[in-house]
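Participant: Residue numbers (our numbering): 293 to 807. One structure coming up, written as structure tokens, with questions to follow.
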């Protein structure tokens, strides 16, 4: 049990005067959707006003990422009965039994991440009219289903998105439909994607690269001076225990097994909205059925046709779906320098997430407890603070906003560690294959230089000012420009390969590094 999300990206959108135009846009969005659903304009304006007041108070009791503190300090394992003693105002037995559609016993274990928030929420609910609470819950449901409604609703959403994100037009309908199928029936769509765009050689190639980059992490770990011997040994064991998931789960290529996954779902040819609701119920039942059972580490939490990669702290598992094993990150016919500078850095990034500010709190089995000695914790915090201060200095000049070094520290740690591991693995590959002059036709750049060039090119991009503001306020990743500049300016390998003079912006005297 943890704190809620909000109808806008962060609590600051409700609380800071500088964000008033976004709050007014949100209010207008809510009113217009309510009218489309049949409400009278004057009634909608009045009720939406009450909802905004309630959600603003809700924002006030939420903590910011900086206020969250250490995850292990917020983690509280207890029984339903013990939670009832903490917060007797809520009938937890009835609530959980209704949500899970089965009887819940007071002895059942639960994990609570936000006990203070729940206590504040109880007080807020007690002073709020039931009608307002019901309207708010209904609004949050409707808001999440706008993309399943007709063009009138899409047009209203687009106007809101333009103010919030700068998006000038909605994606084509076909993209929305494909995205919905991928979200709700991702293994089915993934089966078609994998058959057309992926092969076993790519899967094997990525597995081999992952093992090589893991070896780089072990070697770099052995050289670190600020970690005591016992913690270092446990960290090495955690790397050895990492479970790899690459490309796709094998069952999706067998029609009978794929059909079996969805056999209890109900889909009709002519009931689109009902199909969405039925699929959501079906997916919720699957999640609920796993409660109280041992963690199944063989399950895939991501569909294959996704351009992303993941580290799961609770399972000590890294996942590279087939969607990211495509250009510009990877192609089996690319020179090794491009693949190591692309997907190789991503692999190192995900490995390092096991040892960032949150990942390091979980052991090799995915259990949250303190397995680091105080000496190692102090060393980690010292080196992480260097990165925090470095990224705090970066300014997105287009909007005159500062990067949040605290909120982005986990990703910055992973970026800086990942590129170091991938480059070390690439240089080992060059040595083993006696191919020191790997390059591209028509280019004078060396393979080592192309490694860094591909890494940088992947993060090239442009954003509208509204999107930049939203990213800095909400995203745990630094803007692409500083993912490149921050990481490469800390890299001794980059400075050596490009002959950067010491003391220049891309080769500063003081460099930050955790792993």
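All C-beta atoms in this analysis are idealised placements derived from N, C-alpha and C, irrespective of residue type, glycine included. Bear in mind that the values here come from a model prediction, so they are computed numbers and not experimental data.
For the structure I just gave you, are there three or more beta carbon pairs, one from the segment 342-351 and one from the segment 378-389, closer than 8 Å?
Facilitator: No, they do not touch.
Participant: Looking at the strands, I want to know which residues DSSP matches up with residue 611.
Facilitator: For the purposes of this step, residue 611 is taken as residue 319 along the chain shown, with counting starting at 1. Answer is 537 and 602, bridged to residue 611.
Participant: Alpha carbon to alpha carbon, how far is residue 747 from residue 582? Give it in angstroms, no decimals.
Facilitator: Working through the chain shown from its first residue, we reach residue 582 at position 290. Working through the chain shown from its first residue, we reach residue 747 at position 455. So the alpha carbons of these two residues sit roughly 39 Å apart.
Participant: Any idea what DSSP makes of residue 436, helix, strand or coil?
Facilitator: Locating residue 436 in the chain shown gives position 144, counting from the first residue. Looking at residue 436 - three-state DSSP - the assignment turns out to be helix.
Participant: So which of 422, 598 and 568 has the shortest CA-CA distance to residue 438?
Facilitator: Residue mapping note: residue 438 aligns to position 146 of the chain shown, counting from 1. Of the listed residues, the one whose Cα sits closest to residue 438 is 568.
Participant: Could you have a look at residue 791 and say whether DSSP puts it in helix, strand or coil?
Facilitator: Here the question's residue 791 lines up with position 499 in the chain shown. The answer is coil: DSSP assigns residue 791 none of H, G, I, E or B.
Participant: By DSSP, does residue 376 sit in helix, in strand, or in coil?
Facilitator: Here residue 376 refers to the residue found at position 84 of the chain shown. If DSSP states are grouped into helix, strand and coil, residue 376 belongs with the helices.
Participant: I need the boundaries of the beta strand (DSSP E) containing residue 265, first residue and last residue.
Facilitator: Residue 265 lies beyond the stretch modelled for the chain, which goes from 293 to 807, so this question has no answer here.
Participant: Quickly, what does DSSP pair residue 401 with across the bridge? List them, please.
Facilitator: The residue labelled residue 401 in the question sits at position 109 within the chain shown. Paired residue(s): 371.
Participant: Within 10 angstroms of the Cβ of residue 645, are there 16 or more other Cβ atoms? Answer buried if so, exposed if not.
Facilitator: Counting from one through the chain shown, the residue named residue 645 turns up at place 353. Residue 645 should be labelled buried.
Participant: Along the chain, where does the alpha helix (DSSP H) that runs through residue 317 open and close?
Facilitator: Position 25 of the chain shown holds residue 317. Taken as a continuous stretch (DSSP letters only), the alpha helix (DSSP H) holding residue 317 covers 312-328.
Participant: Could you spell out where the alpha helix (DSSP H) holding residue 331 opens and where it closes?
Facilitator: Within the chain shown, residue 331 is the residue found at index 39, counting from 1. Premise fails: residue 331 is in no alpha helix (DSSP H) and is neither H nor E.
Participant: Using DSSP bridges, identify the partner residues of residue 796.
Facilitator: Along the chain shown, one-based indexing puts residue 796 at 504. Answer by DSSP bridge pairing, in chain order: 799.
Participant: If distances are taken between C-alpha atoms only, which option among 418, 598 and 562 comes closest to residue 478?
Facilitator: Taking the chain shown and counting its residues from 1, the one referred to as residue 478 is at position 186. Comparing Cα positions, the closest option is 598.
Participant: Cβ atoms of residue 709 and residue 643: under 9 Å apart, would you say?
Facilitator: Position 351 of the chain shown, counted from the start, is the residue given in the question as residue 643. Position 417 of the chain shown, counted from the start, is the residue given in the question as residue 709. Closer than 9 Å, so yes.
Participant: Mark residue 797 as exposed unless 16 or more other C-beta atoms lie within 10 angstroms of its C-beta, in which case mark it buried.
Facilitator: Taking the first residue of the chain shown as position 1, residue 797 is located at position 505. Residue 797 should be labelled exposed.
Participant: Taking C-alpha atoms, which residue in 542, 558 and 562 lies nearest to residue 572?
Facilitator: As a first step, residue 572 must be located in the chain shown, where it is residue number 280. Closest option to residue 572, Cα to Cα, is 558.
Participant: How would you label residue 565, buried or exposed, when you count the other beta carbons within 10 angstroms and need 16 or more for buried?
Facilitator: Taking the first residue of the chain shown as position 1, residue 565 is located at position 273. By the 10 Å Cβ count, residue 565 comes out exposed.
Participant: Considering Cα atoms alone, identify which of 765, 485 and 675 is closest to residue 517.
Facilitator: By one-based count along the chain shown, residue 517 stands at place 225. Of the listed residues, the one whose Cα sits closest to residue 517 is 675.
Participant: Buried or exposed for residue 449, going by 16 or more other Cβ atoms inside 10 Å?
Facilitator: Counting from 1 along the chain shown, the entry for residue 449 is found at position 157. Buried, by the Cβ-count rule.
Participant: In chain order, which alpha helix (DSSP H) runs of at least 4 residues are fully inside the segment 729-786?
Facilitator: Counting whole runs of 4 or more residues, the segment 729-786 contains the alpha helix (DSSP H) stretches 739-750, 757-766 and 772-781.
Participant: Could you say if the segment 624-631 and the segment 733-750 meet the contact criterion of at least three C-beta pairs nearer than 8 Å?
Facilitator: Touching, yes, given that three or more Cβ pairs across the two stretches are closer than 8 Å.
Participant: Apart from the five residues on each side of it in sequence, which residues of its chain come closer than 7 Å, Cβ to Cβ, to residue 396?
Facilitator: Translated into the one-based positions of the chain shown, residue 396 becomes position 104. Excluding sequence neighbours, residue 396 sits near 372, 385, 388 and 389.
Participant: Taking 9 Å as the cut-off, decide whether the C-beta atoms of residue 637 and residue 705 are in contact.
Facilitator: Mapped onto the chain shown, residue 637 falls at position 345. Mapped onto the chain shown, residue 705 falls at position 413. Contact: no.
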